[in-house]
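Notes follow once the structure below has been shown.
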Amino acid sequence: MAVAIITGASKGLGRALAGALAARGWDLVLDARGAEALKEAAESAAAHGTRVETLPGDVTDAGHRAELVAAARALGGVDLVVNNAGVLGTNPLVPLGAQPLDGFRAALEANAVAPLGLLQEALPLLREAPAGAVINVSSDAAVEAYRTWGAYGATKAALDQLSAVLAVEEPGLRVWWVDPGGMRTDMLAAAEPGADLSGTPTPEEIAPAFLRLLDRRLASGRYTAAALLQAW
37 MAVAIITGAS KGLGRALAGA LAARGWDLVL DARGAEALKE AAESAAAHGT
87 RVETLPGDVT DAGHRAELVA AARALGGVDL VVNNAGVLGT NPLVPLGAQP
137 LDGFRAALEA NAVAPLGLLQ EALPLLREAP AGAVINVSSD AAVEAYRTWG
187 AYGATKAALD QLSAVLAVEE PGLRVWWVDP GGMRTDMLAA AEPGADLSGT
237 PTPEEIAPAF LRLLDRRLAS GRYTAAALLQ AW
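Quick note, this note's numbering runs 36 ahead of the 1-based positions in the sequence shown.
And the structure:
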């Protein structure tokens with residue numbers, strides 16, 4: 037059975053992807069900082085009859101990342117790593133002139149350094165997998181200049197470049213960096229308090245885009261969920 041590691045899986049897109057993969061029979065290793073919410077997400081995924089391991093913790097911690105990969109190894113290996121966990125750097129978002137540097141450092145650590153660290157830990161098992169794949173969750177803020185999104189967008193731009201180079205260095209894997217677009221999540225609500233998100237798609241509506249990458253095993257590269265959903 038295929039095994040996926042999903043970070044930031046207690047809510048939002050991470051939880052939606054966990055449920056979607058579990059419905060297809062994937063075994064899962066799930067991570068998040070909130071233990072109670074992670075437990076609820078795991079119970080929901082496990083209802084599909086798959087094995088689900090939960091490890092509450094922070095992906096910026098090297099020991100925690102090693103534990104995630106060890107848990108996946110115990111389930112049979114690593115077929116997919118989904119780097120979904122991330123932070124804004126400040127809540128709500130502020131212009132760059134007011135951006136706390138400590139917040140930017142924290143966002144860079146969570147959004148770029150930690151994903152690379154997890155991939156370094158998982159690469160030996162990904163290379164052994166029949167169809168090893170990586171999904172790094174990006175953002176349109178990585179390529180567009182949105183007021184107040186500069187610090188967060190810079191960290192996602194860094195993740196995009198790391199993904200592009202990894203795709204060149206690991207041609208045997210599929211490496212996808214995906215912009216899910218705006219979603220009705222706690223993160224977006226925190227970024228833009230007071231914004232009307234009623235017309236924004238839910239993570240469950242966006243998750244099928246990611247499944248299409250796996251189904252078609254598309255070439256490594258940058259994708260948007262909107263384009264993937266429109267294509268099929």
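Even for Gly, the Cβ is constructed at its ideal location relative to N, Cα and C.
DSSP, read as helix, strand or coil, puts residue 217 in coil. In the three-state reduction of the DSSP assignment, residue 147 falls in the helix class. In its chain, beyond the 5 residues on either side, 214, 215, 216, 217, 242, 245 and 246 have a beta carbon closer than 8 angstroms to the beta carbon of residue 261.
Assigned with DSSP and collapsed to three states, residue 259 falls in strand. Note on residue 147: 16 or more other CB atoms within 10 angstroms of its CB, so buried under the neighbour-count rule. Put simply, of 131, 206, 125 and 129 the residue whose alpha carbon is nearest the alpha carbon of residue 138 is 125.
Residue pairing for residue 92: DSSP places it in a beta bridge opposite 68. The beta carbon of residue 88 is closer than 6 angstroms to those of 64, 78, 81 and 82 in its chain, skipping five residues each way along the sequence. Residue 52: member of the alpha helix (DSSP H) spanning 48–59, first to last residue. About 15 angstroms separates the beta carbons of residue 152 and residue 114, which is beyond the 8 angstroms limit, so they are not a contact pair. If the five residues before and after residue 265 are omitted, its C-beta is found closer than 6 angstroms to the C-beta atoms of 245, all from its own chain and listed in chain order. Inclusion of residue 159 and residue 119 in the CB contact set at 8 angstroms is not warranted, their separation being larger than that value. If you ignore the 5 residues before and after residue 46, its C-beta comes within less than 7 angstroms of the C-beta of 68, 70, 73, 74 and 77, all in its own chain and listed in chain order. Between residue 191 and residue 129, the C-beta gap is not smaller than 8 angstroms, which leaves the two residues out of contact.
As a beta-bridge residue in DSSP terms, residue 212 pairs with 171 and 257.
Put simply, the backbone Cα of residue 55 is about 30 angstroms away from that of residue 180.
Across the structure, residue 172 and residue 187 are spaced so that their CA atoms are roughly 18 angstroms apart. Following the DSSP letters along the chain, one finds residue 116 inside the beta strand (DSSP E) bounded by residues 116–119.
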